[in-house]
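Numbering (full-length UniProt numbering), first residue to last: 1 to 369.
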């Protein structure tokens, strides 16, 4: 991994990824705008560091000599496009850990340009969206005629400041689903359902997760909804926040919320990384016949999984780039639905549903070491 650049490496998740890369024997170059932070990190890890400003007119020249860049600097809606443009010019493969659906859609629209440049664009190599993308591809293989996909996320282990700040930027923006091949803006939390994440049915509400773009690419399924486990009052709470979008879009309010986050929220600590966990649930349906397939995927703490997944994805791309297709890719389209099971502590379960769908029995298909 000596030809790997990690941009935004001194943020919470960036630090985890850089440490993971070094622990695996790599010597990545760490980079970002803050020269002091980069110097401290590079010295601590024993690697090279570079100060890179995404507004630089010669950004592409900073990427020459690198085979791949992992972007860890959010909000990715601000950082992905300049880095991708520079990667296309420099011939450098691009990876990131975004979960922002607009970023996935913008990069998807650059598929032809990336093919022409011989560059791979692989966003979402963290918890967003490795587990859900791989589970979606697995389910599509179980029921190739499926035309509807629903995913559910139940996560524990806390939020980093960076993630929370990004969420603030999207408050009041509503939700999104995929319907008949089109992205449709919907109110926040516009639909709810009960999902069994493994301990019985739980209330869940729709969220604007990146799979509305990525899972369509991975599976060809044209109607997709993503849910998150949430208390019953969450839907009305999200609707209330949605109605205040005009207020939340004002700079002073956003800055105030971010200051509160910086002052009150601590990044997940070592204990949370070691003990936190998440469950991803999925269901595909053939609407013409009513046939369906369901599965669950259990993972370790989302940030721990992100660190490992990003490094393993970059490693795979660097070591065997000829087998990773050019153009826009997702984790499953690049590496296959089994990729998530290469990561520590992941376990996939196929849920066998009887014809009357009155109960669910579970068997473990594959368990990682």
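Just so you know, even glycine gets a beta-carbon here, dropped at the ideal spot from N, CA and C.
- For residue 142, the closest alpha carbon among the candidates 278, 282, 47 and 232 is that of 282.
- In this structure the region 210-223 touches the region 84-104; the number of beta carbon pairs closer than 8 Å is three or more.
- Residue 180 and residue 150 have their alpha carbons spaced roughly 14 Å apart.
- In this structure, residue 336 and residue 111 do not form a Cβ contact; the two beta carbons are roughly 19 Å apart against a cut-off of 8 Å.
- About 15 Å separates the Cβ atoms of residue 147 and residue 218, ruling out a contact at the 8 Å cut-off.
- For residue 328, the pairing in a beta bridge is given by DSSP as 121.
- Excluding residues up to 5 positions away in sequence, 52 lie with their Cβ nearer than 6 Å to the Cβ of residue 62 in the same chain.
- For residue 148, the enclosing beta strand (DSSP E) begins and ends at 148-155.
- DSSP places residue 338 outside both helix and strand once states are collapsed to three, so it counts as coil.
- Residue state for residue 292 is assigned as strand, using DSSP reduced to three classes.
- For residue 54, the three-state secondary structure derived from DSSP is coil.
- Look at residue 309 here: in three-state DSSP terms it is helix.
- Taking 8 Å as the upper bound for CB-CB distance, residue 317 and residue 120 are in contact here, some 7 Å apart.
- Per DSSP, the beta-bridge partners of residue 226 are 151.
- Residue state for residue 14 is assigned as helix, using DSSP reduced to three classes.
- Judged by pairs of C-beta atoms under 8 Å, the region 297-309 touches the region 122-135, as three or more such pairs exist.
- Exposure of residue 184 is indicated by the presence of fewer than 16 other C-beta atoms within 10 angstroms of its C-beta.
- It is roughly 12 Å from the alpha-carbon of residue 123 to the alpha-carbon of residue 83.
- Closest option to residue 189, judged by alpha-carbon separation, among 197, 155 and 229: 229.
- Here residue 319 is exposed, its C-beta having fewer than 16 other C-beta atoms within 10 Å.
- Judged by their CB atoms, residue 60 and residue 89 are nearer to each other than the 7 Å cut-off.
- Contact between the region 306-317 and the region 275-295 is absent: fewer than three C-beta pairs spanning the two stretches fall below 8 Å.
- Separation of the CB atoms of residue 87 and residue 6 is rounded to 14 Å, and the pair is thereby denied contact status at 8 Å.
- Collapsing the DSSP output to three states places residue 207 in coil.
- In terms of Cβ geometry, residue 304 and residue 343 do not form a close pair [threshold 7 Å].
- Taking a 10 Å sphere around the C-beta of residue 194, we find fewer than 16 other C-beta atoms and assign the residue as exposed.
- Taking residue 288 as reference, the option from 105, 144, 103 and 126 with the minimal CA-CA separation is 144.
- Here residue 7 carries a strand assignment [DSSP, helix/strand/coil].
- For the set 43, 22, 4 and 334, the Cα lying nearest the Cα of residue 65 is the one of 4.
- Straight-line measurement puts the Cα of residue 103 at about 7 Å from the Cα of residue 76.
- With 16 or more neighbouring CB atoms inside 10 Å of its own CB, residue 79 falls in the buried class.
- As DSSP reads the structure, residue 275 sits in no beta bridge.
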